[in-house]
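Residue numbers (this note's numbering): 112 to 747.
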């Protein structure tokens, strides 16, 4: 197994301009780290955002995502081309460790009507804020904005599309966008999922200051902006989507989100910087409220509950090490720019508040209604106030006379797990059963759901893709970033017991790939984690006196293997009088080579086959009769 370490070489560039900004940063006017301003994305609230995973990674054999659904209703409308289908659908990519459960449980989404969501990329396109923390949205260009900081991103993108290569005039835009986070340079992304349609688009502005939709996929839908805020003409309040038959889908029930960012940075020479930024409020979801036909007659009406607040805070951090220390000639420069270069340690907390609109009723004109009721109170640990959160409780199908035809009741449990390095356990809402009752409230059948659990109680972490992996016992979780095929499906749906008595089982696994650019056969398979064999940790205690070393034999190593020193310590070794060695012996038990062992950190040592090995502990403190060393090891 290989271990990858990353080192950062800090380059100090001195100029009169930057020297004018040296010293400790005091607020949002400071030079920011370039990484702060790259790929900042703020999605809609979890229930709406989870629905869009079906657009990002659709159900198909090609993507490996199966069509997992629990059907609830299928009611035709007065137009033969449109039916109101309601179901609970599962997507495994909504069940990663960092994901949040929606109102139907981790991984599950309610397909009923539909939504358009907005992911804010960078900052909101329709917002402008000039002052100490000025930020200019991408829609504020030379055609509609008379402020001192015009955003020329659209102009640059237009010229780029025409093949122009004159970027000299945009250097100020690039520099201030990257280092001062002054300009929004990415269009916000809009995604939709409704009535079997999925896709995405962005909103742009013409030279005559009219907003329009630019679709990012090919289909027969026409998407137009229904209305804007009268007091803020660049803020979209509704959309109208027209299908190929002329039916209109109106999305005008909005969810508003407010976000704030708190960041802290500590430099290599103790410079300290705290920034607090209020990103303001924006519309982040637009829910379907009405479907009309070509004659503008209503086919379906959807009603929503009043808004309720959902709040959560996401935390992230990064630490860096320097490749080399400064000498006497560069130390002064390094200290002067300590507040400008990427910091030694950074933390960021992003708090999101969204006023969520939950679906209440769907009226299929002349056909009946579908009612949705919710219960309040959950135990999710990745929300700020879980006691305020809702969970879908019942779905009732009602005929035109108002009689309940059937009812579906949802039952829940929780997924509980702990990640290495995190003090508190993670708890997430989990859908466990869906039960159907007839018009007389008699139980007809149920769907029973089961999820893969950590039955062996293995230590868990996260791999580079954000999935759960299994750490070796006592390993440094920060270094355990490999993919674990046997653990990646923890908390993922394992089976559904069907009303017929049968069962559907699901075997989700990691993607694998192989590549050799020279086209040569691959003979070394060490990089494939599925070939790795894990062994149990052996705990060794060695006791030595001043003139008598203690040894522990590892025996004869028949073929090359890796010895992993997971952890250990030398007790009462404040004066550094205890020493550990790994000794290599030939077949005659003669010493060939001796290595000093550092047991304070995870260490891997390549052992050559055909030799004997042993661990030796030597104690040199005459004032203490005996020393003790603890060593925990295994083989990869």
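Glycine is no exception: its CB is placed at the ideal position from the N, C-alpha and C atoms. All of these numbers come straight from a predicted model, not from anything done at the bench.
A buried status is given to residue 395, since no fewer than 16 other beta-carbon atoms sit within 10 Å of its beta-carbon.
With distances taken between CA atoms, residue 414 lies nearest to 225 out of 440, 225, 500. By the 16-neighbour rule on beta-carbons within 10 angstroms, residue 249 is buried. Annotated as distal: residue 507 and residue 521, with beta-carbon spacing of 9 angstroms or more.
About 4 angstroms separates the beta carbon of residue 418 from that of residue 466, a gap short enough to meet the 8 angstroms contact definition.
With a threshold of 16 other beta carbon atoms within 10 Å, residue 536 falls short and is exposed. Residues of the same chain with a CB within less than 7 angstroms of the CB of residue 731, apart from the 5 flanking positions on each side, are 657, 688 in chain order. If you draw a straight line from the Cα of residue 698 to the Cα of residue 600, it is about 46 angstroms long. No residue range can be given for residue 217, since it is assigned to no beta strand (DSSP E) and is classified by DSSP as neither H nor E. In the DSSP assignment, residue 730 forms a beta bridge with 689.
Pairing residue 176 with residue 208 gives a Cβ-Cβ distance that is not under 9 angstroms. Counting only runs of at least 3 residues, the segment 210 to 287 fully encloses the following beta strand (DSSP E) elements, listed from N- to C-terminal order: 219 to 222, 225 to 232. Residues of the same chain with a CB within less than 8 angstroms of the CB of residue 168, apart from the 5 flanking positions on each side, are 174, 176, 202, 204 in chain order.
The residues 239, 260, 262, 293, 294, 295, in chain order, have a CB closer than 7 angstroms to that of residue 247 in the same chain once the five nearest residues on each side in sequence are set aside.
In this structure residue 305 does not touch residue 334 by the C-beta definition: roughly 11 angstroms separates them, more than the 8 angstroms allowed.
Going by DSSP, residue 158 is part of the alpha helix (DSSP H) stretching over 157 to 162. Under the DSSP assignment, residue 446 falls in the alpha helix (DSSP H) whose first and last residues are 442 to 447. When the five nearest sequence neighbours on each side are left out, the beta carbons in the same chain lying within less than 7 angstroms of the beta carbon of residue 446 are those of 380, in order along the chain.
By the 16-neighbour rule on beta-carbons within 10 angstroms, residue 165 is buried. For residue 363, the uninterrupted beta strand (DSSP E) segment begins and ends at 359 to 377. Annotation: residue 306 is outside any beta strand (DSSP E) and is labelled neither H nor E by DSSP.
Taking the CA atoms as reference points, residue 676 sits about 27 angstroms from residue 576. DSSP places residue 652 in the uninterrupted beta strand (DSSP E) bounded by 649 to 655. A Cβ-Cβ contact shorter than 9 angstroms links residue 232 with residue 297.
Nearest neighbour of residue 317 by Cα position, chosen from 673, 252, 276, 290, turns out to be 252.
Taking the CA atoms as reference points, residue 615 sits about 29 angstroms from residue 486. In this structure, DSSP gives residue 205 a helical state, which the three-state scheme calls helix. Residue 512 counts as exposed, since fewer than 16 other C-beta atoms from the protein chains shown sit within 10 angstroms of its C-beta. Judged by DSSP secondary structure, residue 486 falls within the beta strand (DSSP E) whose first and last residues are 479 to 487.
Contact between the segment 366 to 384 and the segment 316 to 330 is not established, with fewer than three Cβ pairs separated by less than 8 angstroms. The closest CA to that of residue 524, considering only 726, 650, 216, is found on 216. A direct Cα-to-Cα measurement between residue 404 and residue 478 gives close to 16 angstroms.
Distance from residue 550 to residue 514 at the Cβ level is roughly 7 angstroms; contact confirmed, criterion being Cβ atoms closer than 8 angstroms. Annotated as proximal: residue 481 and residue 186, with beta-carbon spacing under 9 angstroms. One alpha carbon belongs to residue 547, the other to residue 557, and they sit about 6 angstroms apart.
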